[in-house]
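Below is one structure, written out as structure tokens, with a few remarks after it.
There are 2 protein chains.
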Amino acid sequence: MARVVVDVTIKPVILDPQGKAILGAIKRLGYEGFDDVRQGKHFELEVADSVTDAQLEEIAESLLTNTVIEEYVVRRVENEAE
Amino acid sequence: MARVVVDVTIKPVILDPQGKAILGAIKRLGYEGFDDVRQGKHFELEVADSVTDAQLEEIAESLLTNTVIEEYVVRRVENEAE
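First to last, the sequence lines map onto chains A and B.
Residue numbers for the first sequence follow my numbering, beginning at 6 and rising by one.
Residue numbers for the second sequence follow my numbering, beginning at 6 and rising by one.
The following block contains the structure:
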């Protein structure tokens, strides 16, 4: 089995109101040095070793991402400390 | 400036209906070898170098995570290819 992470974020050119709201809350809590916050979706998939990178890209693009406003990153994390 | 990622996921013991729905969709699309999908939240923060790990942990725990049902991982990613 392999563990794969797909992180989906809103494209930088698109306004992220959720991120802005969190940034405002952080500043109201008195923290300094926080310049930007962007919120996205984090998917963790348990897949058989037979699953190819191409299949993962297809699923990330067609099912997990709205490619008009979002972009994604696919990472295999079986070795990484996660 | 440093880039920090906070990934928030539902605790393994908690049912993740969203993840189950995505898993069902993947299988209906005819893909094989997918055993589990869990969906969480992905935050990307741009922070000054003065921001400490302790502050990041505080914010992750108090603002970004519902610690009753969720757990989080904080990662500095300025070097990692992301």
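Glycine residues also receive a C-beta, built at the ideal position from the N, C-alpha and C atoms.
How big is the Cα-Cα spacing for residue i and residue j?
| i | j | result |
| --- | --- | --- |
| residue 50(A) | residue 71(A) | 18 Å |
| residue 24(A) | residue 82(B) | 18 Å |
| residue 7(B) | residue 52(B) | 5 Å |
| residue 41(A) | residue 9(B) | 10 Å |
| residue 80(A) | residue 67(B) | 27 Å |
| residue 31(B) | residue 54(A) | 16 Å |
Please compile the residues from chain A whose C-beta is within a distance smaller than 7 Å of the C-beta of residue i.
| i | result |
| --- | --- |
| residue 77(B) | In chain order: nothing, as chain A lies at least about 10 Å away. |
| residue 52(B) | 38, 39 and 40 |
Please state the DSSP three-state secondary structure of residue i.
| i | result |
| --- | --- |
| residue 28(B) | helix |
| residue 53(A) | coil |
| residue 58(B) | helix |
| residue 37(B) | coil |
| residue 86(A) | Annotation note: pLDDT 47 at residue 86(A) (below 50); position unreliable, coordinate value reported separately. Coil, per DSSP. |
| residue 74(B) | coil |
| residue 64(B) | helix |
Please compile the residues from chain B whose C-beta is within a distance smaller than 9 Å of the C-beta of residue i.
| i | result |
| --- | --- |
| residue 45(A) | 46, 47, 48 and 49 |
| residue 35(A) | What residue 35(A) touches in chain B: nothing, since even the nearest Cβ is about 10 Å away. |
| residue 12(A) | 10, 12, 47, 49 and 87 |
Against residue i, what residues of chain B qualify as contacts under a CB-to-CB distance less than 8 Å, listed in chain order?
| i | result |
| --- | --- |
| residue 20(A) | Those do not exist, as residue 20(A) stays about 15 Å from chain B at its closest Cβ, beyond 8 Å. |
Starting from residue i, find everything on chain B with Cβ-Cβ shorter than 7 Å and list it in chain order.
| i | result |
| --- | --- |
| residue 29(A) | The premise fails here: residue 29(A) is roughly 11 Å from chain B at the closest Cβ pair, so nothing lies under 7 Å. |
| residue 64(A) | 31 and 36 |
Do residue i and the ligand NAP come close, with the Cβ less than 7 Å from some heavy atom?
| i | result |
| --- | --- |
| residue 21(A) | The ligand NAP is absent from the structure shown, which contains no ligand whatsoever. |
How close, in whole Å, do the beta carbons of residue i and residue j come, if the pair is a contact with beta carbons under 8 Å?
| i | j | result |
| --- | --- | --- |
| residue 14(B) | residue 62(B) | The pair is not a contact, with the Cβ atoms about 16 Å apart (cut-off 8 Å). |
| residue 2(A) | residue 12(A) | Any property of residue 2(A) remains undetermined from this structure, which presents chain A solely from 6 to 87. |
Which chain A residues sit within Cβ distance under 9 Å of residue i?
| i | result |
| --- | --- |
| residue 56(B) | 36, 37, 38 and 39 |
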